[in-house]
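Enquirer: Sharing a structure with you now.
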Amino acid sequence: MSGTSSDGLDVALCSIDDDQIKIIDSISQKYSKKLQMEIIELNSPSFDDLNKSSILGNKISDISIKLIDQLLLNNGLEPSSIEAIGIHGPTVRHVPRDFYSLQIGNEFLLANRTQIKTVSNFRNMDIASNGEGAPLIPLFHKYLLNTKNIKKGVFVNIGGFSNISIVNNNSIKGYDLGPGNVLMDFWINKIRNKKYDKNGSWAKSGAVLDDLLKRLLNDAFFKKKPPKSTGRDYFNLKWLAKFQLNDLKPEDVQRTFLELTAVLILREFENLTGYKDVFICGGGANNNLLMDQLLTRSQKNVHTTEYLGIKPELIEPAGFAWLARQSINNKRLNYKTITGAKKDNILGVVVHP
Numbered sequence: 107m108s109g110t111s112s113d114g115l116d117v118a119l120c121s122i123d124d125d126q127i128k129i130i131d132s133i134s135q136k137y138s139k140k141l142q143m144e145i146i147e148l149n150s151p152s153f154d155d156l157n158k159s160s161i162l163g164n165k166i167s168d169i170s171i172k173l174i175d176q177l178l179l180n181n182g183l184e185p186s187s188i189e190a191i192g193i194h195g196p197t198v199r200h201v202p203r204d205f206y207s208l209q210i211g212n213e214f215l216l217a218n219r220t221q222i223k224t225v226s227n228f229r230n231m232d233i234a235s236n237g238e239g240a241p242l243i244p245l246f247h248k249y250l251l252n253t254k255n256i257k258k259g260v261f262v263n264i265g266g267f268s269n270i271s272i273v274n275n276n277s278i279k280g281y282d283l284g285p286g287n288v289l290m291d292f293w294i295n296k297i298r299n300k301k302y303d304k305n306g307s308w309a310k311s312g313a314v315l316d317d318l319l320k321r322l323l324n325d326a327f328f329k330k331k332p333p334k335s336t337g338r339d340y341f342n343l344k345w346l347a348k349f350q351l352n353d354l355k356p357e358d359v360q361r362t363f364l365e366l367t368a369v370l371i372l373r374e375f376e377n378l379t380g381y382k383d384v385f386i387c388g389g390g391a392n393n394n395l396l397m398d399q400l401l402t403r404s405q406k407n408v409h410t411t412e413y414l415g416i417k418p419e420l421i422e423p424a425g426f427a428w429l430a431r432q433s434i435n436n437k438r439l440n441y442k443t444i445t446g447a448k449k450d451n452i453l454g455v456v457v458h459p
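With the first letter of the sequence shown counted as 1, position 240 gets the number 346 in our numbering; the numbers rise by one all the way through.
Quick look at the structure:
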């Protein structure tokens, strides 16, 4: 799994059945800054996009193959013992209104070189059914609560973008909230040439700019009703340029971007009555300042997903492993109350070695 932060690759070795999941082992690799920036640049139209996306997809697949081989070696496993690989590469375009979402990677290389059945391209069947194609992990969140006999709960995934899953017995809703880490990552890279703001330490040195926050929150996406999804093709440096940030103290801008992420999440909490437990996953769970805002400014019991036995950074890799299992078993999934899809679908394209 490589998400919208485009900062690296997480691989989880999972044992999954209908009522239990176990993370046997995991392995991760950070991308070089050069590779990360090349991926991010693909979110904006440029010359030779098609060739660049294919070449970068191959690079990511090469990294994936090495990590999978290492994970199998570490656990004394042969490829024949693995039922399937679920692969989700970095999203470089997500435009459901034009009926497509593009994640880069080469599933054919992956299946051929690992000799393991590979499932990819999970989003486009949902989009073809008039769905948003995202978020897809809420059904896995529901499954995860069921494995713990928990009937109600809320998940917030804070990756490059934040999304929410609201589970109530057999009903579920889910949708994107807006920027998670993406604006903070953009800004610290632009000003300080760093990939991310570790623990929110730079943001902590600044102060919230109320006027800027108000202008950010005035964006039409935040007023849109679900189902809704978004990505870097909307929230990007061009979008930020509208706010004339260069005359502001950069650490104050960073703190305001963190506040935006916090406010988007906290105001969802305010609208959720009857839910006491919230589970945070994704890279944002490692941002101490952001987590502190969610813990101290909410009446909810805020936990990371470690509370459920899965590290926050492994929820999405495990989720796409679960989705791959549904795909190879021809299970139709109901995303009507999440993405707005008009019918149940089997998600993913299966490639046989």
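All C-beta atoms in this analysis are idealised placements derived from N, C-alpha and C, irrespective of residue type, glycine included.
Which of the three DSSP states is assigned to Lys-296 in this structure?
Expert: Within the sequence shown, numbered from 1, the residue matching residue 296 stands at position 190. Looking at Lys-296 - three-state DSSP - the assignment turns out to be helix.
Enquirer: Quick one: is Arg-431 buried, meaning 16 or more other Cβ sit within 10 Å of its Cβ, or exposed?
Expert: Position 325 of the sequence shown, counting from 1, holds the residue named residue 431. Classification for Arg-431: buried.
Enquirer: How long is the line joining the alpha carbons of Lys-417 and Leu-315, rounded to whole angstroms?
Expert: Reading the sequence shown from its first residue, position 311 is the one you call residue 417. Reading the sequence shown from its first residue, position 209 is the one you call residue 315. Using only the alpha carbons, I get a separation of about 33 Å.
Enquirer: Only counting runs of 4 or more residues, tell me where the alpha helix (DSSP H) segments fall wholly within the segment 289-367, in order along the chain.
Expert: The segment 289-367 contains these whole alpha helix (DSSP H) runs: 307-310, 316-323, 326-329, 343-347.
Enquirer: May I have the straight-line CA-CA distance separating Ile-294 from Tyr-302, to the nearest angstrom?
Expert: Position 188 of the sequence shown holds residue 294. Position 196 of the sequence shown holds residue 302. If I take the Cα positions, the gap works out to 6 Å.
Enquirer: Note down, in chain order, each residue of its chain lying with its Cβ closer than 6 Å to the Cβ of Thr-227, except the 5 sequence neighbours on either side.
Expert: Within the sequence shown, the letter at position 121 stands for residue 227. Here the sequence assigns Asn to residue 227, which means Thr is not the residue at that position. Val-455, listed in sequence order.
Enquirer: Between which two residues does the beta strand (DSSP E) carrying Gly-163 extend?
Expert: Mapped onto the sequence shown, residue 163 falls at position 57. No beta strand (DSSP E) holds Gly-163; the alpha helix (DSSP H) holding it covers 155-180.
Enquirer: In whole angstroms, what separates the C-alpha of Gly-259 from that of Val-369?
Expert: Along the sequence shown, one-based indexing puts residue 259 at 153. Along the sequence shown, one-based indexing puts residue 369 at 263. Near 20 Å, if we compare the C-alpha coordinates of Val-369 and Gly-259.
Enquirer: Tell me the rounded alpha-carbon separation between Leu-395 and Gly-280.
Expert: Locating residue 395 in the sequence shown gives position 289, counting from the first residue. Locating residue 280 in the sequence shown gives position 174, counting from the first residue. Going from the Cα of Leu-395 to the Cα of Gly-280 covers about 25 Å.
Enquirer: What would DSSP say about Ile-421, mapped onto helix, strand or coil?
Expert: Stepping through the sequence shown from its first residue, residue 421 is reached at position 315. Residue state, collapsed to three classes: helix.
Enquirer: Are Asp-113 and Leu-177 closer than 8 Å when you measure CB to CB?
Expert: Here the question's residue 113 lines up with position 7 in the sequence shown. Here the question's residue 177 lines up with position 71 in the sequence shown. Not in contact: Asp-113 and Leu-177 (Cβ atoms no closer than 8 Å).
Enquirer: Using 7 Å as the cut-off, classify the Cβ of Tyr-137 as near or not near the heavy atoms of the ligand ADP, replying yes or no.
Expert: Annotation note on the ligand ADP: not contained in the displayed structure, which lists no ligands.
Enquirer: For His-247, report the span of its alpha helix (DSSP H) as first-last.
Expert: Here residue 247 refers to the residue found at position 141 when the sequence shown is read from its first residue. That run of the alpha helix (DSSP H) goes 244-253.
Enquirer: Can you tell me whether Ser-187 is helix, strand or coil according to DSSP?
Expert: Numbered from 1 along the sequence shown, position 81 holds the residue referred to as residue 187. Looking at Ser-187 - three-state DSSP - the assignment turns out to be helix.
Enquirer: May I ask you to report which of helix, strand or coil DSSP gives Phe-205?
Expert: As a first step, residue 205 must be located in the sequence shown, where it is residue number 99. It is coil, neither helix nor strand.
Enquirer: Please work out which residues of its chain come closer than 7 Å, Cβ to Cβ, to Asn-436, disregarding the five sequence neighbours upstream and downstream, and give them in chain order.
Expert: Indexing the sequence shown from 1 puts residue 436 at position 330. Closer than 7 Å at the Cβ level, and outside the excluded window around Asn-436, lie Ile-452.
Enquirer: Relative to the C-alpha of Glu-357, which residue among Asp-291, Asn-324, Ile-171 is closest?
Expert: Looking up residue 357 in the sequence shown gives position 251. Glu-357 has its Cα closest to that of Asp-291, out of Asp-291, Asn-324, Ile-171.
Enquirer: Measuring CB to CB, does Tyr-340 end up less than 8 Å from Phe-327?
Expert: Counting from 1 along the sequence shown, the entry for residue 340 is found at position 234. Counting from 1 along the sequence shown, the entry for residue 327 is found at position 221. It is a contact, given that the beta carbons lie within the stated cut-off.
Enquirer: Rounded to whole angstroms, what is the Cα-Cα separation between Leu-148 and Asn-342?
Expert: In the sequence shown, counting from the first residue as 1, residue 148 sits at position 42. In the sequence shown, counting from the first residue as 1, residue 342 sits at position 236. Between Leu-148 and Asn-342, the C-alpha separation is close to 12 Å.
Enquirer: Let's test the definition: count the other Cβ atoms within 10 Å of the Cβ of Phe-205 and tell me whether it reaches 16, buried, or not, exposed.
Expert: Locating residue 205 in the sequence shown gives position 99, counting from the first residue. It is exposed - the Cβ of Phe-205 has fewer than 16 other Cβ atoms within 10 Å.
Enquirer: Is it buried or exposed for Asn-180, if we count other Cβ within 10 angstroms and need 16 for buried?
Expert: As a first step, residue 180 is located in the sequence shown; it is residue number 74 there, counting from the start. It counts as exposed.
Enquirer: Would Pro-151 be called buried (16 or more neighbouring beta carbons within 10 Å of its own) or exposed?
Expert: Here residue 151 is taken as the residue at index 45 of the sequence shown, counted from 1. Its Cβ having fewer than 16 others within 10 Å, Pro-151 is exposed.
Enquirer: Is it true that the segment 418-427 meets the segment 195-205, where meeting means three or more beta-carbon pairs spaced less than 8 Å apart?
Expert: With the cut-off at 8 Å, the segment 418-427 and the segment 195-205 do not touch.
Enquirer: Glu-462: which of Ser-170, Ser-111, Thr-336, Lys-254 sits nearest, CA to CA?
Expert: Any answer about residue 462 is impossible in this case: the structure gives the chain only from 107 up to 459.
Enquirer: Can you tell me where the beta strand (DSSP E) holding Asp-232 begins and where it ends?
Expert: In the sequence shown, counting from the first residue as 1, residue 232 sits at position 126. Run containing Asp-232: none in the beta strand (DSSP E); it sits in the alpha helix (DSSP H), 230-234.
Enquirer: Can you tell me where the alpha helix (DSSP H) with Lys-139 in it begins and where it stops?
Expert: The residue you call residue 139 lines up with position 33 of the sequence shown. Residues 139-147.
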